[in-house]
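For any residue, its number in this note's numbering is found by taking its place in the sequence shown, counting from 1, and adding 691.
Each remark here refers to the structure printed beneath this line.
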Amino acid sequence: MAFDAIRERKEYVVNLLHGQFGEDGGVQTIAALSGLKGTFGDPQVASLTMNKYAMSSFVSSLLPPEVVRMPKTALINCRNLDGAIQIAHSFRGPVVVKPNSLGLSLFTALFPNPAGCEANIIDLIQTILKYDTAALLQEFIDGDEYSCGCIVGWCDVTPLPVAKIETESRFFGPIEKNDGNLVEKTIVDGKDIVSQRIKHITRKIASSIELLNFSRFDFRVDSDSNIFFLECNYIPGLAKGSIFEMVLQSHGMTVVELIASIASHSRPYTMKDHIVKIK
């Protein structure tokens, strides 16, 4: 009913629903079927970016390891839960446990010493599996975290300035994300080599999956300057003080100006006709 009313009023909708509420392809499908105008985009692209394991597989097939790498990652579900601890030990170092497709960094935790907290790892995975079809066991890349937003136009992708995220624990988890006092975010010099490489990677990925309007990509960079892809944020947070708001401001644009520009010039997503019979 609400979608019908929006369509009748011919309103332009900016989708700011995060996680399962607005990034997994569900609301994108409803919007497409309802003929709504807005920032919803392609349901299949939203679904892909929400699935961290699938998105990492896509990026690894798109770009060679000398350009961008993936942390060692295992997909854990109810069928292989019994082997989770053995997999964690095989990484031979700190591990991160997180949902595969919940968003918002829900139930995400770093375990510096997996051998000393096996029960906690299993408990967290079991909690995740109550809300998600799979959890991820991922090696922790010791290094620095970077984030690169981008604006997607009709025929080009504009990477925004790269942000570096620093925390005392060197881990950017849900606690750090919800307490600004624990995080230091800075804009990286545009001439910095790592910044330029991250922008190149961001442009390549965003150009290859038909993203619409804007997005943000997260990376880790180790001491040898190897870049590791973490995830794509299909709908980055736009609140004051957020990473995207900060890099957008560094680009010379406000969130209000971005939304106005998108509403005026964005590429609308239109579902293709279904094939019923091939003549």
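Just so you know, even glycine gets a beta-carbon here, dropped at the ideal spot from N, CA and C.
#### Entry: Alpha-carbon spacing of Gly-943 relative to Glu-936, whole angstroms
The straight-line gap from Cα to Cα measures roughly 11 Å.
### Message
Please tell me whether Ile-767 and Ile-816 are closer than 7 Å, where the distance is taken between their beta carbons.
### Response
yes
### Query
Ser-941 to Ala-951, Cα distance in whole Å?
Spanning the two alpha carbons is a distance of roughly 18 Å.
### Whether Asn-706 touches Gly-717 by CB criterion (7 Å)
No, the Cβ-Cβ distance between Asn-706 and Gly-717 is not below 7 Å.
### Task
Answer with buried or exposed for Cys-839, where buried requires no fewer than 16 other C-beta atoms within 10 angstroms of its C-beta.
buried
### Query
Looking at the unbroken alpha helix (DSSP H) that takes in Pro-734, where does it start and where does it end?
Taken as a continuous stretch (DSSP letters only), the alpha helix (DSSP H) holding Pro-734 covers 734-741.
### Query
For Tyr-744, which of Gly-729, Lys-855, Met-761 and Asp-909 has the nearest alpha-carbon?
Met-761
### Task
Would you mind listing the alpha helix (DSSP H) stretches within the segment 803-890 that are 4+ residues and don't spill past its ends, in chain order?
You should have 809-819 and 865-868.
### Message
So, with DSSP's three-state summary, where would you put Ala-897?
### Response
helix
#### Entry: Residue burial classification, Cys-769 (beta-carbon count within 10 angstroms, cutoff 16)
exposed
### Task
To the nearest angstrom, report how far apart Lys-931 and Val-853 are at their CA atoms.
17 Å
### Message
Which residues does DSSP list as the beta-bridge partners of Glu-922?
### Response
Beta-bridge pairing links Glu-922 to Asp-909.
### Query
Hey, is the segment 724-734 in contact with the segment 779-796, meaning 3+ C-beta pairs nearer than 8 Å?
no
### Task
Could you check the C-alpha separation between Thr-720 and Gly-807 for me, to the nearest Å?
44 Å
### Message
Quick check on the burial criterion: 16 or more other C-beta atoms within 10 angstroms. Buried or exposed for Asn-771?
### Response
exposed
### Message
Measuring alpha carbon to alpha carbon, tell me which residue in Gly-834, Ile-856, His-780 and Ala-779 is nearest Lys-868.
### Response
The candidate whose alpha carbon is nearest that of Lys-868 is Ile-856.
### Task
Output the distance between the C-alpha atoms of Phe-831 and Glu-948, rounded to the nearest integer angstrom.
Between the C-alpha atoms of Phe-831 and Glu-948 there is a straight-line separation of about 37 Å.
### Query
In whole angstroms, what separates the C-alpha of Asn-904 from that of Ala-825?
29 Å
### Query
Cβ of Gly-834 within 7 Å of Cβ of Asp-913?
yes
### Query
Does DSSP classify Ala-930 as helix, strand or coil?
coil
### Task
Whole angstroms is fine: what's the gap from Ile-953's alpha carbon to Arg-911's?
29 Å
#### Entry: N- and C-terminal bounds of the beta strand (DSSP E) containing Ile-787
In the sequence as presented, Ile is not what sits at residue 787; that position holds Val. Note, Val-787: beta strand (DSSP E), 786-790.
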